[in-house]
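Enquirer:
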Amino acid sequence: MQLLICDSSRERGAKVAEFLQKAKFEVLVCTSQDQFLEKLRSESPALLIFHEAMASEREVPSGIFKRIPSLVYGEEIEVTEKLNFYRRGARRVVTEKLGLEAKVAAVAGMIAFRFREFKKLRQNSLTFGSLQGTILFDILQNAYREKKNLVLHIHFQNWKAKIRTFQGHIVSAATPNLKGIEAAVKALVVSNGTFLIRHYHKIEDVSHLGCSTFGILNEAHFHRQEVDRFLDSFGMRNPRFILKPGLTPEFFDHPENEVVEAFTQYLNFQLALLKTPIPVLKTIQILKKLCENGILIWERNSSGTEGITPEDISYIYDSLFPAERKEGKLLILGLPGTGKKGILEALTTLSAAPVKKLQGVHFAKIPVSLDARLNVFSIDISKQLQTVLDKLSDGILACILLIDAAREDQFDYTKYLFQQLIQNYGVQIVVGVTHLTGSSSKSMQDIRETFQIPPGIEVLAVTQDSMENIRQLLLGFRHISEVSTRG
Amino acid sequence: MLDILIYLLDKKYEAEVQALFSGETYRPYIAYSMEEILEICQQELFDLALIWPATYDETADFLTILNIHYISFMPVIAVLEDASQLDRMLTLPIIDYMKLPLPREEFCEILSNAANDAELSSSEMDGVTWRGILEEYGLKDLIQMITDSRLDAHITLKFKDKIGHVFFKNGDIIRARYLGLTGMAALKKLAFWKTGNFSVSFSPLDKNSAGEPLNATKAFQVLSAHLGELQKYLHGLPSLDDEIMTNPMITSEGKEPLPQKIVDICQTPIRIFDLLQLLDDDDIAIAKALKEMFVDGIIGSREAIESIIAEESKKKSWSKLSSTFSSLFKKKELENFPMETVTEEEAEEIIPTLKIEKEAFSPEVLRKIETRLEEWYR
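Chains H and P, in that order, give the protein sequences.
Heads up: the first sequence begins at 1 in my numbering, then just goes up one per residue.
Heads up: the second sequence begins at 488 in my numbering, then just goes up one per residue.
#1: Using DSSP's beta-bridge definition, name the partner residues of residue 375 of chain H.
#2: Which of helix, strand or coil does DSSP assign to residue 863 of chain P?
#3: Determine the DSSP secondary structure at residue 317 of chain H, reduced to helix, strand or coil.
#4: Tell me whether residue 795 of chain P sits in a helix, a strand or coil according to DSSP, three-state version.
#5: Quick one, which residues of the region 529 to 542 of chain P are near chain H if we go by CB-CB under 7 Å, in chain order?
#6: Cα separation between residue 533 of chain P and residue 489 of chain P?
#7: On the DSSP bridge assignment, give the partners of residue 82 of chain H in chain order.
#8: Hey, quick one: how far does the alpha helix (DSSP H) through residue 843 of chain P stretch, first residue to last?
#9: Can you look up residue 536 of chain P in the DSSP assignment and give me helix, strand or coil?
#10: Between which two residues does the beta strand (DSSP E) containing residue 490 of chain H stretch?
#11: Listed from N- to C-terminal order along the chain, which residues in the region 167 to 181 of chain H have their beta-carbon within a distance smaller than 8 Å of any beta-carbon of chain P?
#12: Given this structure, state the Cα-to-Cα distance separating residue 823 of chain P from residue 723 of chain P, to the nearest angstrom.
#13: In terms of alpha-carbon separation, which member of P/601, P/745, P/626, P/619 lies closest to residue 663 of chain P?
#14: Please check the pair residue 124 of chain H and residue 201 of chain H, which I expect to be a contact at CB under 8 Å, by giving their CB distance rounded to whole angstroms.
#15: Measuring CB atoms only, is the region 33 to 53 of chain H touching the region 64 to 81 of chain H, in the sense that at least three cross pairs come out at less than 8 Å?
#16: Residue 181 of chain H by DSSP, collapsed to three states: which one?
#17: Looking only at its chain, what residues have a beta carbon closer than 6 Å to the beta carbon of residue 608 of chain P, apart from the 5 residues adjacent to it on each side?
#18: I'd like to know whether the C-beta atoms of residue 94 of chain H and residue 104 of chain H end up nearer to each other than 8 Å.
#19: Say whether the region 364 to 371 of chain H touches the region 291 to 299 of chain H, bearing in mind that this needs 3 or more beta-carbon pairs closer than 8 Å, one atom from each stretch.
#20: Looking only at its chain, what residues have a beta carbon closer than 6 Å to the beta carbon of residue 373 of chain H, apart from the 5 residues adjacent to it on each side?
#21: Quick one: give me the first and last residue of the alpha helix (DSSP H) that residue 155 of chain H is part of.
#22: To the nearest angstrom, how far is it from the Cα of residue 403 of chain H to the Cα of residue 115 of chain H?
#23: Between which residues of its own chain and residue 127 of chain H is the CB-CB distance below 7 Å, once the five residues before and five after are set aside?
#24: The beta strand (DSSP E) that contains residue 30 of chain H, what's its start and end?
#25: Assess, as a yes-or-no matter, whether the region 578 to 585 of chain P is touched by the region 543 to 556 of chain P under the definition of 3 or more beta carbon pairs within less than 8 Å.
#26: Spatial neighbours of residue 563 of chain P within its chain, please: CB distance less than 6 Å, with the 5 preceding and 5 following residues excluded, ordered by chain position.
#27: Can you name the residues that DSSP bridges to residue 51 of chain H?
#28: Roughly how many whole angstroms lie between the Cα atoms of residue 485 of chain H and residue 225 of chain H?
#29: Please tell me whether residue 250 of chain H and residue 286 of chain H are closer than 8 Å, where the distance is taken between their beta carbons.
#30: Using beta carbons (cut-off 8 Å, strictly below), is residue 616 of chain P in contact with chain H?
#31: Taking the alpha-carbon positions, what's the residue 791 of chain P to residue 674 of chain P distance?
#32: Exposed or buried, what is residue 349 of chain H when buried is set at 16 or more other beta-carbons lying within 10 Å of its beta-carbon?
#33: Beta carbon of residue 344 of chain H, beta carbon of residue 361 of chain H: below 8 Å?
#34: Can you grab the Cα-Cα spacing for the pair residue 210 of chain H / residue 849 of chain P, in whole Å?
#35: Would you kindly check if the distance between the Cβ of residue 102 of chain H and the Cβ of residue 166 of chain H is under 8 Å?
#36: Under DSSP, the alpha helix (DSSP H) around residue 118 of chain H begins and ends at which residues?
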C-alpha cells in the first residue's frame, strides 16, 4: 500500500515516513506543491497524509480529499479549521503537541486498516449487493418461502432504510422519516444503491405492521408503477425541476414545501423522492399537482438552458474515473444524424478543447480534473466500426449509444453492437433514443425490449442538440460508488 | 440514519450519550454488559459500535469476544477518557478513536467518516451484482431468486480453493460445472455447500453460452430431494466439520474404487465436508461408503484414531496389536458416535412464534372520524 506524505518540513515528513516504513508501508514524501502534483500524476497513492500547512484550499486541488482518503495533521489546529478539513473530505485530522510524527503514523495505519483488511473482512462476512431490477422483491419473497429472519439495510448515497423480517414476515421497517408500511414501501421503491443483509436468530418477535409481506410487496409494486408512469410523461428517468420565479419553498405549507425543497435541491430524482419525509405515492401526487399548476417547471421547458457546467464535468469525473485512473475513453456511438458530434462539441465547450478528425472518427481530449483527461470519440455505426473499436478498446470507461428509433433496418446490427459492448467491454453504458416521435412508432419500452437492455442501464429519449438531453445522458452514468461494472 | 451500538462501561456518561444521539441521524442502542452485547448482536446489524469510555484491556476483550462470536465485521470506535491509553489502543483493530472532551461537530464528522468508510459500496463488487456467504444463502436460495427474476445470470460459488459455476438464461439453468462434473451432478455437489462465498452477476450471456435449459423449478425439486436423502446417509456420522482419518492398522487392499479413494485421501486428517468436495463422486455414494467404513473401523474420527495409535504404540508386540486392533477400534467408534443420541419423542421442538400487534385507532383519530362523520351527515 502506497502512502504519500506532504510536509514542507523535510525533517518532520521523513520522521513520519520512518514510522510508516517500519510498519511495512511504501511511503513517498514531497515537500512542495509542485512535487505533490507531480507525484499525484505519476503515482497512485492509497492514502494522502498532509501537514496542515500544505493542505490549504490553495495548495490542494478541489476534490482531492474526497477522491483519495486523506489525513491532515498539525501540532495545533483550531476546531473551525479541523471542521473545514472534514467538510472538504479529509478522513481524519490529527493534532498532537508531543510525539506528533509517531501519532500520525499510527493513525495512518488505522485508516489503512479501515480501507484494506477491515473492508476485506466485511466482504467475506456479510451478504451485500447493488440494487438492480427487483432484487429486493426477490430477496423478500425468498425470505418468506424459506421463513428467514433477516435484517436488511438499504443505502442510496447518504439515505438509509432498514427492513426486518421474522420467519419471512416483514415485522418492522424504518427510513429516516418514516416507519412501518410506508417506510417499507419507500425502501422497495429504491432502484439504485446497495443492500446489506444479515440473518439473525430469535425465537419470538412481534410485528408492528398491520399488513402481510405480500401486501407490502404489492403496494410497493404499485408505487413503483406510479413513479414510472410519472417519469414516462417526461420521457426520462431523471427530470429536473425549477421553482417558478419569485417563489421560495417557504411560500408553501407542509407537505408541499418538503416536495418543492427536495426536488429543487437534489439533481437526482430518486434521491429527491427518498429525501422527502412523506410517503412515495403522496410525493408523486403532490409533484404532479405542482407541475400541473406551473409551480414546479420541468427544466427543459424553462427558458435559457445553460451549457455544460464545471459541475457536469466534475460529475463525469466522479462517475467514470476510478481512483487511480488519470486517463480514459468515452465513446459516443450512433448512426449518422443522431447527434453524436453535438454531444462531443458540448463536452468541449468549457475547456475549448479542439475537436479533431482522423479516419472518419471525431475526437477531443477534455481535462476533467487537474490531473485527469477524458478522451471522447464520436464514431459512426458502420461496417468498419468493429475495427475502430478494436483499436480503441484499451481504457474505455463508458459509452453513449444513440439509437435512431426511425431506422428499424439498422436495429439488428445496433442490437448486436450493444450486446457486444456489454459482454466485451464491461463499461458503463447509457442509451439515448432519437427520432422517437414522428417517423417512429416505437415507444421507450419497445426499444428496451427490442434491444434487450438490462434494467440497470439508463435509456433516455433525446432530441438532437438539446443541451438538457445531453446533460441527462451524462447524468445517466451513475456515481462511481454506486456502479458495478457490467459485463 | 446510523444504527449505533454503545457499550457503556460507566453510567456517568449515560445522559451525555443519550443527548448526543438524540434526533433522527442516529438510532442508538446502549448495552451495559457483554451478555447484552452478544444478545443484541445476534439479532441486529449495527453500522458502528462505540466502546465508552474505552481502556486498552476492555477494548481488547471486547474485540476478542466479537471475534469469537463471528461479529468482528462490526466497526469499532474507542471513545477515550484517558488519552495516555491512545498509543496502545492504536495497536488494536479498531477503525477509529475519539478523545474526550470533543466538540459535537467533530464527533459527528469522525463518526460519519468511519461509518461511510466501513460501508460496503458497489465499487467493491468486482463486477458482480451481489455477493455473500453461503451460510446465509445457499445455492437453492439463489436458484429460487434468479428463477423469479427471469434474468440471465452467472453464479460463482467459492469454498477455499474450490470454485463452481452455474449459468442461467432467462431464469433457467443452462450450464453448471464443478471439478469434472457438469449439469445436475455439479448442482447436487454445489447445493450441499454450507460454508464459503457466492457471487451473482446479472448480465446477458453471449451466444456461445447457449445450452439445453434445465427448468429451474424442476432442478430445485431434484436438489431438495437429493439434500434430504443425503442428510439421511450423513446421520450417525460425525459432524461435517469434524476431522476423520484412515485407520493405519487395517490393510485396505482389494477395495472398490470409491472406498479405496476415501482410504487414500484420509491418510491425512480431513473434514468430512472437505472430503465430499474433494471427490467428484456422488455425495450420497460417498456418505454411504463412509458409513460402512466407519462401521468396519477402516475410517474413524481423528481423535479416536490418534488415541488408539498412541495406546497401541506402547505395546511391544505388533502381531498382538494387529489381532486386537480392529475390535478395539470398533468398540471405540461405537462409544464415540452413537447412531441416535436423542429420540424424536424426547426432543423438544422450539417453534418460532410471530405475534402481530392488533391495529387500533387512537382515541384522537376516533374523535376526528366522529367529527368528520357528524359534519358529513349535516
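For every residue, glycine included, the Cβ atom is placed at its ideal position computed from N, Cα and C.
Here the structure is a predicted model, which is why all the values come from computation and not from measurement.
Expert: Concretely, from the data shown:
#1: Residue pairing for residue 375 of chain H: DSSP places it in a beta bridge opposite H/329, H/365.
#2: helix
#3: helix
#4: Assigned with DSSP and collapsed to three states, residue 795 of chain P falls in helix.
#5: 529, 530, 531, 532
#6: Taking the straight line joining both Cα atoms gives about 8 Å.
#7: DSSP, once it has assigned bridges, lists no residue as partnering residue 82 of chain H.
#8: It is not in any alpha helix (DSSP H) - residue 843 of chain P instead sits in the beta strand (DSSP E) that spans 840 to 843.
#9: strand
#10: As shown, chain H starts at 1 and ends at 487. That puts residue 490 of chain H outside it, with no answer to give.
#11: From the region 167 to 181 of chain H, only 167, 169, 171, 174, 175, 176, 177 have a Cβ closer than 8 Å to chain P.
#12: Note that residue 823 of chain P scores 45 on pLDDT, short of 50, meaning its location in the model is unreliable and no value can be drawn from it.
#13: P/626
#14: Contact doesn't hold; Cβ gap of about 21 Å is too wide.
#15: Taking a cut-off of 8 Å on C-beta distances, the region 33 to 53 of chain H touches the region 64 to 81 of chain H, as three or more cross pairs fall below it.
#16: helix
#17: Excluding positions up to five away in sequence, the list is empty.
#18: yes
#19: no
#20: 327, 365, 367
#21: It is not in any alpha helix (DSSP H) - residue 155 of chain H instead sits in the beta strand (DSSP E) that spans 150 to 156.
#22: 41 Å
#23: Contacts found: 197.
#24: Where residue 30 of chain H is concerned, the enclosing beta strand (DSSP E) stretches over 26 to 30.
#25: Verdict: yes, contact present.
#26: Excluding residues within five positions, the ones whose Cβ falls inside 6 Å are 536, 581.
#27: H/73
#28: Here the model assigns residue 485 of chain H a pLDDT of 35, short of 50, so the residue's position is not dependable, and the following value carries that caveat. Cα to Cα, the separation comes out at about 27 Å.
#29: no
#30: yes
#31: Using only the alpha carbons, I get a separation of about 34 Å.
#32: With fewer than 16 other CB atoms across the displayed protein chains lying within 10 angstroms of its CB, residue 349 of chain H is exposed.
#33: no
#34: Between the alpha carbons of residue 210 of chain H and residue 849 of chain P lies a distance of about 15 Å.
#35: no
#36: 117 to 125 is the span of the alpha helix (DSSP H), which, as asked, contains residue 118 of chain H.
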